[in-house]
Each structure stands twice: as C-alpha cells, then as structure tokens.
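Asks:
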Ligand code: ZN
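In my numbering, the protein residues as written are -15 to 258.
1) Indicate, with yes or no, if ligand 1 has a heavy atom lying under 7 Å from the CB of residue 136.
2) How would you call residue 170, buried or exposed, if buried means at least 16 neighbouring beta carbons within 10 angstroms?
3) What I want to know is whether the C-beta of residue 222 ends up closer than 7 Å to one or more non-hydrogen atoms of ligand 1.
4) Once DSSP output is grouped into helix, strand and coil, what is the label at residue 152?
5) Between the C-alpha atoms of residue 155 and residue 219, what's the straight-line distance to the nearest angstrom?
6) Quick one: give me the first and last residue of the beta strand (DSSP E) that residue 244 is part of.
7) So what does residue 26 bridge to, in DSSP terms?
8) Less than 8 Å between the CB atoms is what I'm expecting for residue 225 and residue 202, so what's the real figure, rounded?
9) So if DSSP puts residue 81 in a beta bridge, which residue, or which two residues, is it bridged to?
10) Tell me, please, which residues DSSP counts as bridged to residue 33.
11) Going by DSSP, what residues sit across from residue 222 in a beta bridge?
12) Count the other CB atoms within 10 Å of the CB of residue 243; is the residue buried (16 or more) or exposed (fewer)?
13) Rounded C-beta distance between residue 137 and residue 151? I'm assuming under 8 Å.
14) Since residue 248 contacts residue 180 with CB under 8 Å, what's their CB separation in whole angstroms?
15) Quick one: what does DSSP say residue 185 is sitting in, helix, strand or coil?
16) Considering only DSSP beta bridges, list what residue 194 is partnered with.
17) Return yes when the C-beta of residue 225 is under 7 Å from any heavy atom of ligand 1, and no when it is not.
18) Given that a residue counts as buried once 16 or more other Cβ atoms are within 10 Å of its Cβ, and exposed if not, what is residue 299?
19) Bridge partners of residue 215, per DSSP?
20) Closest to residue -15 by CA distance: which of 167, 241, 258 and 49 is it?
21) Would you check if there are 3 or more beta carbon pairs closer than 8 Å linking the stretch 81 to 98 to the stretch 34 to 47?
22) By alpha-carbon positions, which one of 104, -11 and 26 ends up nearest to residue 9?
23) Let me check you understand the geometry: is the CB of residue 54 closer than 7 Å to at least one non-hydrogen atom of ligand 1?
24) Please confirm whether any heavy atom of ligand 1 lies closer than 7 Å to the CB of residue 107.
25) Taking C-alpha atoms, which residue in 111, 139 and 56 lies nearest to residue 128?
26) Round the Cβ separation of residue 253 and residue 176 to the nearest angstrom and send it over; I've been treating them as touching at under 8 Å.
27) Who does residue 252 pair with in a DSSP beta bridge?
Structure follows, in structure tokens:
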C-alpha cells in the first residue's frame, strides 16, 4: 500500500513529486481509510495542481498521543553524558516523554525560539495506523501507517529546570514540532529500518547517521508502548536523535538560522528560526 499523504489547509492530499490530488477529507480521517485511498490512487486522473512544502501543514495535525524516545542512538547518549552526566547504561528502561500535539507545525513553518538554549534534534517519526494493544515485535511494523521526518526542538534550559528533570514542556513550546513533508508508507523506502538521516544548520552538516543505529528500533518501540497503553491511529513516535546536537557543543539555535532535516526517501524539512 503505497502513498505520500500530506495536509494542505486541513485537507488530505496525495502527493507525487509536487503534484497533488485532493481527497476531500480531513487528514485525520484519511489515516483510518488508507485501504480505500490506496485503491483510489490506482485509478487516479490528472493532478489537481501543484504544492510546495510551504503550502503544507503537519501530515498528522491532531494526534491523540505523541511520544518521544530519548537517548536512542549510542553516539547521542555519549555526547549528552559528557555535558550532563547521565550515568546511563544502554540496558536501562527506555526514556519516553511527551511532546504535546499542540507543538506540531508543518515542514516549512518558522520555529519560534524562546530563551537562548533552544536546540535541534532531527528524528524519524513513525505514525501508528491501527489501534494496537500488546503487539509483539514481529507484527509491530504492520501497525505503522507510515514514516515522516520530525524535528524535536528542545528548550534545554526548561528541560532541566525542575528536579528531577521533566522533558515534556521544554519539548512542547509552540512550533517545537515541525513534521512532514508527507506521511510516506513504509513500502516506499528501500529498508524502513535503515535510512540515512541528517541535519544541517545554515548548510553546515551537524547530524549525519542512519536509522539502523537506533538502539531500540521502531518495532521494539511500538511493542513496548503497546504493552503499557493502547496506541491509536495517528499517534506519533519520535524515535530519538543521533549525535551532533548543539547542546553537546555549547551552541544553540539563533534567530535567522535555517534548520534543514533530511531522511532518505522521506524528503526534507526546512524551518527558519525566528
Ligand atoms: Zn528527541
């Protein structure tokens, strides 16, 4: 079932390059009608027009739940351990936090910085397609509707302001969740468990890795979360960021900075800081 599903003015559209086909339904409803959408794709006519990333909103604008996995690439665990002693071993329980859905914005939306310690985290985002409870790893990919790129923008100061630290608010300021450009079905990428992922700030390469380095891969995350609660269609899992974040280097985002986030087969986000 192949598709690139996007959100244009709260309407679901299918994309092929810049061409779009309007589905006439809400993007959240589209997630529960993927079989039907796939069938209509096979018989599609001429496109309705063309769209650029600037026209698009977040592919999944109103998820019920948004999960973030922290410290899920070894090189990121090591770099954070050097600046903020974590004393973490890789066998410990996963670090999972919430990004509140209100922080989600589109692939070309501006990011509104607050304070002087805002940071970038380029991430693969898995989107749940089927209500799921107690799913085993072998069947977890069947529950994933598709993949997209996400920026887990983080206010590092707010993240550690309280004792013990609580990540949720520092990762949920307005506009701190750029996603997109489209929700891409897993069969449209060569290997959904091994995709090149990178982030550039003003053209300078800061993060450069592969999703095969995820310590807990997508199937394991879906299985773990579904062992605790019910996952719903449209729920997002931000899967963690590779090494190279600004915090580890003592450099933070500044107004005017352009964050370019790319994942193989999924396209790119380009967000300007204001
Ligand atoms: Zn993150």
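Virtual Cβ for every residue (Gly too), placed ideally from N, Cα, C.
Replies: The short version:
1) yes
2) buried
3) yes
4) helix
5) 17 Å
6) 242 to 247
7) None, per the DSSP bridge assignment.
8) Actually they are not in contact, since the Cβ atoms of residue 225 and residue 202 sit about 15 Å apart, beyond 8 Å.
9) 52
10) 4
11) 52 and 109
12) buried
13) Actually they do not touch by this definition, with Cβ atoms about 12 Å apart.
14) 4 Å
15) strand
16) 180
17) yes
18) Summary: the structure shown does not reach residue 299, with the chain confined to residues -15 through 258, and so no result is reported for it.
19) 116
20) 167
21) yes
22) -11
23) yes
24) yes
25) 111
26) Incorrect: roughly 18 Å between the Cβ atoms, too far for contact.
27) 246
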